[in-house]
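**Q** Using my numbering, you'd call the opening residue of the sequence shown number 2 and step up by one each time.
Virtual Cβ for every residue (Gly too), placed ideally from N, Cα, C.
Treat the numbers as computed from the prediction; the structure is a model and nothing was measured.
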Amino acid sequence: MFILKKFLALFAVLLGFILPSQIVNAADKSNSQKVGFDIQAFIPDNQIDKENSYFDLRMKPKQEQTLQVIVNNTSDEAGTYKIRVNQAYTNDQGFIDYQKQVKPDKSMPYDINDLVDYPKKIKVPANSSRIFKLHLTMPEKEYSGQILAGIQVNKVMKKTSGISNSFGYIISLKLTENDNEVKRDLKLLSVKPAATFGKTSIVATLQNPKMDAYGHLKYQSKVLKRDTSKVVFKKTYDSNMQMAPNSQYKFAIEYGKRLKSGDYTLDLLVSDAKNNRWHFKKNFTITAEQADQVNSVTVDQGQKKSYWWLYLLAGLLAAAIVLLLILIFKRRKKDDEDSETTDAKHIKK
Numbered sequence: 002m003f004i005l006k007k008f009l010a011l012f013a014v015l016l017g018f019i020l021p022s023q024i025v026n027a028a029d030k031s032n033s034q035k036v037g038f039d040i041q042a043f044i045p046d047n048q049i050d051k052e053n054s055y056f057d058l059r060m061k062p063k064q065e066q067t068l069q070v071i072v073n074n075t076s077d078e079a080g081t082y083k084i085r086v087n088q089a090y091t092n093d094q095g096f097i098d099y100q101k102q103v104k105p106d107k108s109m110p111y112d113i114n115d116l117v118d119y120p121k122k123i124k125v126p127a128n129s130s131r132i133f134k135l136h137l138t139m140p141e142k143e144y145s146g147q148i149l150a151g152i153q154v155n156k157v158m159k160k161t162s163g164i165s166n167s168f169g170y171i172i173s174l175k176l177t178e179n180d181n182e183v184k185r186d187l188k189l190l191s192v193k194p195a196a197t198f199g200k201t202s203i204v205a206t207l208q209n210p211k212m213d214a215y216g217h218l219k220y221q222s223k224v225l226k227r228d229t230s231k232v233v234f235k236k237t238y239d240s241n242m243q244m245a246p247n248s249q250y251k252f253a254i255e256y257g258k259r260l261k262s263g264d265y266t267l268d269l270l271v272s273d274a275k276n277n278r279w280h281f282k283k284n285f286t287i288t289a290e291q292a293d294q295v296n297s298v299t300v301d302q303g304q305k306k307s308y309w310w311l312y313l314l315a316g317l318l319a320a321a322i323v324l325l326l327i328l329i330f331k332r333r334k335k336d337d338e339d340s341e342t343t344d345a346k347h348i349k350k
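Given below as structure tokens:
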């Protein structure tokens with residue numbers, strides 16, 4: 002029975018509804034053997050598509066349901082596994098993710114951790130399987146859209162050199178109550194300079210205030226000098242990027258060169274696969290202090306401060322001293338020659 006469960010679990014491809022955020026691919030045998038465990042969702046009857054290995058459930062208001070997940074410990078040692086349910090968020094790369102718990106956006110009507118109860122930790126004997134349950138209670142009022150989350154199971158490994166390593170999997174969880182289309186919206190909250198991915202950038206914080214996951218997003222951005230409207234730089238991002246429902250995305254527009262203080266305008270066009278378009282224009286300022294701070298940890302990082310002006314001043318001073326010494330030497334030599342000539346005249350007389 003355990004061998005059968007293990008075999009089935011290897012085929013539990015933990016793909017999310019848009020982009021799952023799995024820590025280790027459950028279908029990868031080498032990874033499963035390395036980590037020493039795998040997990041599998043028990044798909045209930047109200048699953049929308051039973052071919053999916055993640056939870057994609059059609060629910061009703063106030064409905065209560067128990068979800069089951071099996072943990073297969075494939076190692077020769079007993080293991081302790083931490084369980085966490087994370088609300089979907091938009092990560093810094095612009096994709097939907099579930100690998101950590103983030104502060105809920107103000108637009109979020111339902112926090113997944115207010116809707117689900119589950120054990121925070123379970124123990125599984127060596128070469129054994131154990132099921133843990135999650136009790137789900139839906140909100141009282143019907144909603145349109147979707148609640149997205151990820152069920153994360155991590156095994157904390159033994160500490161190595163004082164560092165605690167953690168390996169795990171994530172099973173996506175999608176909860177819907179109807180097929181009503183949600184009218185999409187997008188807001189630009191702020192624009193400021195920052196250091197991102199080791200490069201100078203302009204970061205535009207965007208907000209998706211709707212209970213809908215956006216996919217196939219394209220960003221066309223331009224940064225202009227405010228007084229002249231001259232384009233400082235422009236960049237397009239078109240790699241099927243996404244936004245989680247009721248989330249914020251810190252969209253980093255990479256510049257890569259030294260930032261200069263001044264007044265600027267961000268011209269940003271965002272579009273999706275449903276022909277929605279959002280055009281933003283927002284003024285922002287880069288102060289001298291902000292520019293120095295960002296430049297110091299990006300383009301100037303590791304570089305020694307240049308003191309060329311000191312070297313130039315020292316060189317000029319040294320040259321002046323040498324020139325002065327030469328003039329003094331010549332003057333003394335001339336005085337000596339004049340003195341000798343005068344003495345000679347006196348002797349002749």
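Could you round the C-beta distance between Asp273 and Lys282 to whole angstroms and report it? I think they count as a contact, below 8 Å.
**A** Within the sequence shown, residue 273 is the residue found at index 272, counting from 1. Within the sequence shown, residue 282 is the residue found at index 281, counting from 1. The Cβ separation is near 19 Å, so there is no contact.
**Q** Give the secondary structure of Ala28 by DSSP, where H, G and I count as helix, E and B as strand, and everything else as coil.
**A** Translated into positions along the sequence shown, residue 28 becomes position 27. For Ala28, the pLDDT reaches just 38, beneath the cut-off of 50, and the residue's location in the model is therefore unreliable, although a value from the coordinates is still provided. Residue state, collapsed to three classes: coil.
**Q** Apply the 10 Å Cβ neighbour rule to Asn74 and answer buried if 16 or more other Cβ atoms are within range, or exposed otherwise.
**A** On the sequence shown, residue 74 is found 73 positions in, with the first residue counted as 1. Result: buried.
**Q** Let me know the secondary structure DSSP gives Ser297 once reduced to three states.
**A** In the sequence shown, the residue the question calls residue 297 occupies position 296. Here Ser297 sits in helix by DSSP.
**Q** Are three or more beta carbon pairs between the region 198-207 and the region 237-256 nearer than 8 Å?
**A** Touching, yes, given that three or more Cβ pairs across the two stretches are closer than 8 Å.
**Q** Is Leu326 buried or exposed, if buried means 16 or more other CB atoms sit within 10 Å of its CB?
**A** As a working mapping, residue 326 is identified with position 325 in the sequence shown. Exposed is the call here.
**Q** In the structure shown, what three-state DSSP assignment does Ile113 receive?
**A** Taking the first residue of the sequence shown as 1, we reach residue 113 at position 112. Correct three-state label for Ile113: helix.
**Q** What are the start and end residues of the beta strand (DSSP E) that includes Gln88?
**A** What you label residue 88 is simply residue 87 of the sequence shown in a count that begins at 1. Residues 80-88.
**Q** Is Phe198 buried or exposed, if buried means 16 or more other CB atoms sit within 10 Å of its CB?
**A** If you number the sequence shown from 1, residue 198 lands on position 197. When all chains shown are included, Phe198 counts as exposed.
**Q** Quick check: what's the CA-CA separation for Gln88 versus Thr229?
**A** Locating residue 88 in the sequence shown gives position 87, where the first residue counts as 1. Locating residue 229 in the sequence shown gives position 228, where the first residue counts as 1. Taking the straight line joining both Cα atoms gives about 44 Å.
**Q** What is the rounded straight-line gap between the Cα of Ser297 and the Cα of Lys134?
**A** In the sequence shown, counting from the first residue as 1, residue 297 sits at position 296. In the sequence shown, counting from the first residue as 1, residue 134 sits at position 133. The straight-line gap from Cα to Cα measures roughly 50 Å.
**Q** Take the Cβ of Ala319 as the centre, count every other Cβ of all protein chains shown within 10 Å, and call the residue buried at 16 or more, exposed below.
**A** Translated into positions along the sequence shown, residue 319 becomes position 318. By the 10 Å Cβ count, Ala319 comes out exposed.
**Q** Per DSSP, which one or two residues make a beta bridge with Val103?
**A** Here residue 103 refers to the residue found at position 102 when the sequence shown is read from its first residue. Answer is none; Val103 lacks a bridge partner.
**Q** Where does Leu11 sit, in a helix, a strand or coil, going by DSSP?
**A** Reading the sequence shown from its first residue, position 10 is the one you call residue 11. Bear in mind that a pLDDT of 38 at Leu11, under 50, signals an unreliable position, so the model cannot answer this.
**Q** Evaluate Gly80 with the Cβ neighbour count: other Cβ atoms within 10 Å of its Cβ, from every protein chain shown; 16 or more gives buried, anything less gives exposed.
**A** Here residue 80 corresponds to residue number 79 of the sequence shown, with the count starting at 1. Classification of Gly80: buried, given that the 10 Å Cβ count is 16 or more.
**Q** I need the straight-line Cα distance from Leu116 to Glu141, nearest angstrom please.
**A** Residue mapping note: residue 116 aligns to position 115 of the sequence shown, counting from 1. Residue mapping note: residue 141 aligns to position 140 of the sequence shown, counting from 1. Going by the C-alpha atoms only, they are around 11 Å apart.
**Q** Find the nearest neighbour of Arg278 within the set Lys175, His217, Ile171, judged by alpha-carbon distance.
**A** Along the sequence shown, read from residue 1 onward, the residue named residue 278 stands at position 277. For the residues Lys175, His217, Ile171, the minimum Cα distance to Arg278 belongs to His217.
**Q** Between Gln23 and Val183, what straight-line distance do the alpha-carbon atoms span, to the nearest angstrom?
**A** Taking the first residue of the sequence shown as position 1, residue 23 is located at position 22. Taking the first residue of the sequence shown as position 1, residue 183 is located at position 182. Per-residue confidence for Gln23 stands at a pLDDT of 33, beneath the threshold of 50, marking its modelled position as unreliable; no derived number is given.
**Q** Please classify Val86 as buried or exposed, where buried requires at least 16 other C-beta atoms within 10 Å of its C-beta.
**A** Against the sequence shown, residue 86 aligns to sequence position 85. Under this definition Val86 is a buried residue.
**Q** Take the Cβ of Lys275 as the centre, count every other Cβ of all protein chains shown within 10 Å, and call the residue buried at 16 or more, exposed below.
**A** Numbered from its first residue, the sequence shown carries residue 275 at position 274. With fewer than 16 other Cβ atoms within 10 Å, it is exposed.
**Q** What separation, rounded to the nearest whole angstrom, lies between the Cα atoms of Met139 and Met244?
**A** Taking the first residue of the sequence shown as 1, we reach residue 139 at position 138. Taking the first residue of the sequence shown as 1, we reach residue 244 at position 243. In a straight line, the C-alpha of Met139 is about 23 Å away from that of Met244.
**Q** For Glu52, count neighbouring Cβ atoms within 10 angstroms of its own Cβ and tell me buried if that reaches 16, exposed if not.
**A** Position 51 of the sequence shown, counting from 1, holds the residue named residue 52. Under this definition Glu52 is an exposed residue.
**Q** Could you tell me which residues DSSP pairs with Ser248 in its beta bridges?
**A** On the sequence shown, position 247 is the one that residue 248 refers to. The partner list for Ser248 (beta bridge, DSSP) reads Asn209.
**Q** Please tell me whether Ile148 and Val70 are closer than 9 Å, where the distance is taken between their beta carbons.
**A** Walking along the sequence shown from the start, residue 148 turns up at place 147. Walking along the sequence shown from the start, residue 70 turns up at place 69. Their beta carbons are not under 9 Å apart, which means Ile148 does not touch Val70 by this criterion.
**Q** Please look up how many angstroms separate the CB atoms of Phe97 and Ala214, rounded, as I've assumed it's under 8 Å.
**A** By 1-based counting over the sequence shown, the position of residue 97 is 96. By 1-based counting over the sequence shown, the position of residue 214 is 213. In the sequence on display, residue 97 carries Ile and not Phe. Yes, they are in contact, since the Cβ atoms of Ile97 and Ala214 sit about 6 Å apart, within 8 Å.
**Q** Under a Cβ-count criterion, where at least 16 other Cβ atoms within 10 Å of its own Cβ denotes burial, should Lys121 be classed as buried or exposed?
**A** Counting from 1 along the sequence shown, the entry for residue 121 is found at position 120. So Lys121 ends up on the exposed side.
**Q** Determine the closest residue to Thr237 out of Gln294, Thr201, Lys223, with distance taken between C-alpha atoms.
**A** As a first step, residue 237 is located in the sequence shown; it is residue number 236 there, counting from the start. Of the candidates Gln294, Thr201, Lys223, the one whose C-alpha sits nearest the C-alpha of Thr237 is Lys223.
**Q** With burial defined as no fewer than 16 other Cβ atoms inside 10 Å of the residue's Cβ, what is the status of Ala351: buried or exposed?
**A** Residue 351 lies beyond the stretch modelled for the chain, which goes from 2 to 350, so this question has no answer here.
**Q** Could you tell me the alpha carbon to alpha carbon distance between Ile123 and Ile84, rounded to whole angstroms?
**A** Here residue 123 refers to the residue found at position 122 of the sequence shown. Here residue 84 refers to the residue found at position 83 of the sequence shown. Taking the straight line joining both Cα atoms gives about 8 Å.
**Q** Applying the 10 Å Cβ sphere with the 16-neighbour rule, what's the burial state of Phe43?
**A** Position 42 of the sequence shown, counted from the first residue, corresponds to residue 43. Phe43 comes out exposed.
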